[in-house]
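Number of protein chains: 2
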Amino acid sequence: MSFSPLIDDLIESLRCLPGVGRKSAQRMALHILERNREGGAVLAHSLKLALEQVGRCEKCRTHSETPQCRMCSQANRNTATLCIVETPADVLAIEQGAGYKGLYFVLMGHLSPMDGIGPKELGLDELISRISDESISEVIIATNPTIEGDATAHFIHQMIDKQLDTQLISVTRIAHGVPIGGELEYVDGGTLAHAFAGRKSYT
Amino acid sequence: MSFSPLIDDLIESLRCLPGVGRKSAQRMALHILERNREGGAVLAHSLKLALEQVGRCEKCRTHSETPQCRMCSQANRNTATLCIVETPADVLAIEQGAGYKGLYFVLMGHLSPMDGIGPKELGLDELISRISDESISEVIIATNPTIEGDATAHFIHQMIDKQLDTQLISVTRIAHGVPIGGELEYVDGGTLAHAFAGRKSYT
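Here the protein sequences come in this chain order: V and R. Just so you know, the numbering used here puts 153 at position 153 of the first sequence, and the rest follows in order with no gaps. Just so you know, the numbering used here puts 156 at position 156 of the second sequence, and the rest follows in order with no gaps.
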C-alpha cells in the first residue's frame, strides 16, 4: 500500500539525497506537500537552475557557474601558492578557517584504481602544467589524512618531483596531529603517532 | 565565504526539508552536483509535478492527484466504518499494518487554537455531514495519543454526540497500552496507566 503515484515518485526521488532513507523521504515529501509548498517550489527551481548552470571552474576545477570561480578571479590572492584539495567542500572549510590566501586546485576525488579514478580523472596533467605556467613557488597538498588521500598526496609529490624543477618549487603537506581543543585521552593512535613524529622544537 | 550564488541558493532551499540544517544541506547539494546529477534532475521534476498536481481527496481530505484518493475509490471497502486520523502518514501506517478495511477521514492536523487551527480548518463540518450522508455506523477516532490528539478526539466525540443520532452510530477510540514487543520495564508511566485502565477480562 502506498500514496498516489506522484507522491510515491517524489518519495523515491528524494532518496537520491545522501543519508535519506525511505522513512525520511516520506517525511520530507509529506512535509513539503502539507506545510511548505512554497519552499518545495523554490527547491525544485533552484535545483534545476544549479544543475543547468553550475559547471567546473576552468582553472581550479571546483564548482562554478562562471568560467572562473570566485577564488580564482579574486584580485588580492597570493598567486604563487597553490593548495591541492580533494573536494569543493574542502575549499570552503579552508576558506572559512585557515587564513589561507593562495589559489586552489580541486581534484574532485582521490586516486582509486578500483573505481577507475586515475591521474587523468583527477586532472593531474592540468595540475602540472598549471604549476609550471603560473610559476607557482609553493604547492601545499591538503588531501584528507586517509589511506587514499595520503596515497594521492604521495603520487602528486612524486609527479612534481619528476616533471618539474623542484629547486624553484617547494612541495608541502599540511600538518597532522592532535586537533585544537581535543583531549589526548580521546585521540586515536594514528593521530597521536603523527603528532609525535611531527613534533617541533621550541626555538 | 561561500560557493557560487546558485549553489548557495540550492543549499538554502534544501533547508526547507525537515531535519536538514546548513551542513546537511551543503552535503546534499555537493553530492547531487558531484555524483548524482541525474537523480537531482529527477528530483526537481517530480517535486514540480507533485506540487502542481497533488491536491486533496474530495472525500477524505488526504493527498491525492485524482478527485478521489485510492482508498476512497476502492470497491471492496467497508463503507459503514470511518476512521479519523490526523495525517496522511497515519493512513499509510494503518493501511500497512492494522488490517482495517473501512474508510478514512484525514483532519490534516489537530485542534490548536494558538496556531489558528479550529474545527473549521480540520473540516469537522464536512465530517459530520459525511457521517450522516453516508450512513456510517462506526466512527473510529485514531488521532495521536498526545494532549492535542486526545483533545481533538474528545471534541469530535462531543460534536457527534450533539449533532447526530448516537443510537445509530457507535463512536470508538483506538486502544492505548503497552506496544507489542515492548518491555514493561521501559514503558512510560502514562502508557502503563492507560494499559491498566483499559485492561480486559479473559472471558
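All residues carry an ideal CB built from backbone N, CA and C; glycine is no exception.
Residue i - DSSP class collapsed to helix/strand/coil
i, result
"R/C69", "coil"
"R/I180", "coil"
"V/S135", "coil"
"V/A80", "strand"
"V/V20", "coil"
"V/H110", "coil"
"R/L30", "helix"
"V/Y186", "helix"
"R/R199", "coil"
"V/S46", "helix"
"V/R61", "coil"
"V/F155", "helix"
"V/I94", "helix"
"R/G39", "helix"
"R/I7", "helix"
"R/T146", "coil"
"R/S170", "strand"
"V/R130", "helix"
"V/L192", "helix"
"V/L164", "coil"
"V/L122", "coil"
Listed by chain order, chain R residues near residue i by CB distance under 7 Å
i, result
"V/L10", "S46, L47, A50"
Proximal chain V residues relative to residue i, where beta-carbon distance stays under 9 Å
i, result
"R/Q39", "Here residue 39 of chain R turns out to be Gly, not Gln, going by the sequence shown. In chain order: S13, R15, C16, L17."
"R/V42", "D9, E12, S13, C16"
"R/M108", "E34"
Candidates the options, of which the one nearest residue i by Cα
i, options, result
"V/E65", "V/A50, V/Q74, V/M71, V/T79", "V/A50"
"R/L33", "V/I180, V/F196, V/T203, V/C16", "V/C16"
"R/E58", "R/S170, R/G123, R/I160", "R/G123"
"V/T79", "V/L164, V/S137, V/D188, V/L10", "V/S137"
"V/E134", "V/E12, V/L6, V/S2, V/I169", "V/I169"
"V/Y100", "V/P113, V/G116, V/N76", "V/N76"
"V/D165", "V/Q96, V/S132, V/P113, V/F3", "V/S132"
"V/A151", "V/V187, V/I117, V/V20", "V/I117"
"V/Q167", "V/I180, V/V139, V/G182", "V/V139"
"V/R37", "R/G55, R/G21, R/P113, R/S201", "R/G55"
"V/Q26", "R/P18, R/D188, R/Q26", "R/P18"
"R/I160", "R/P88, R/I128, R/P67", "R/I128"
"R/A89", "V/R22, V/A197, V/M114", "V/R22"
"V/M71", "R/V187, R/S2, R/V20, R/Q163", "R/S2"
Residues near residue i in its chain [Cβ-Cβ closer than 6 Å; skip 5 each side]
i, result
"V/H157", "V171"
"V/P145", "H176"
"V/M28", "L14"
Contacts of residue i in chain R (Cβ-Cβ under 8 Å)
i, result
"V/Q53", "L6"
"V/Q26", "A89, L92"
"V/C69", "S4"
Proximity test, residue i beta-carbon vs the ligand HEM heavy atom, cut-off 8 Å
i, result
"V/T166", "Among the ligands in the structure shown, none appear at all, so the ligand HEM cannot be discussed."
Closer than 8 Å at the beta carbon, the chain V residues around residue i
i, result
"R/L30", "H63, T87, P88, A89"
Cβ neighbours of residue i in the same chain (closer than 7 Å, five flanking residues each side left out)
i, result
"R/A44", "none"
"V/H194", "H176, G177"
Contact belief for residue i with residue j at Cβ below 8 Å, rounded distance in angstroms
i, j, result
"R/L82", "R/G102", "6 Å"
"R/Q53", "V/L30", "Rounded, the Cβ-Cβ distance is 16 Å, inconsistent with contact."
"V/A153", "V/R173", "6 Å"
"V/L10", "R/S46", "5 Å"
"R/S4", "V/H63", "7 Å"
Beta-carbon contacts of residue i that lie in its chain and below 8 Å, excluding the five residues immediately before and after
i, result
"R/V85", "V91, I94, Y104, F105, V106, L107, A142, T143"
"V/R61", "F105, V106, L107, M108, G123, E126"
"R/G219", "Residue 219 of chain R is absent from the model: chain R starts at 1 and stops at 203."
"R/L111", "I117, G118, P119, L122, E148, A151, T152, F155"
"V/L192", "V178, L184"
"V/C69", "C57, K59, C60, T62, H63"
"R/I180", "none"
"R/V42", "none"
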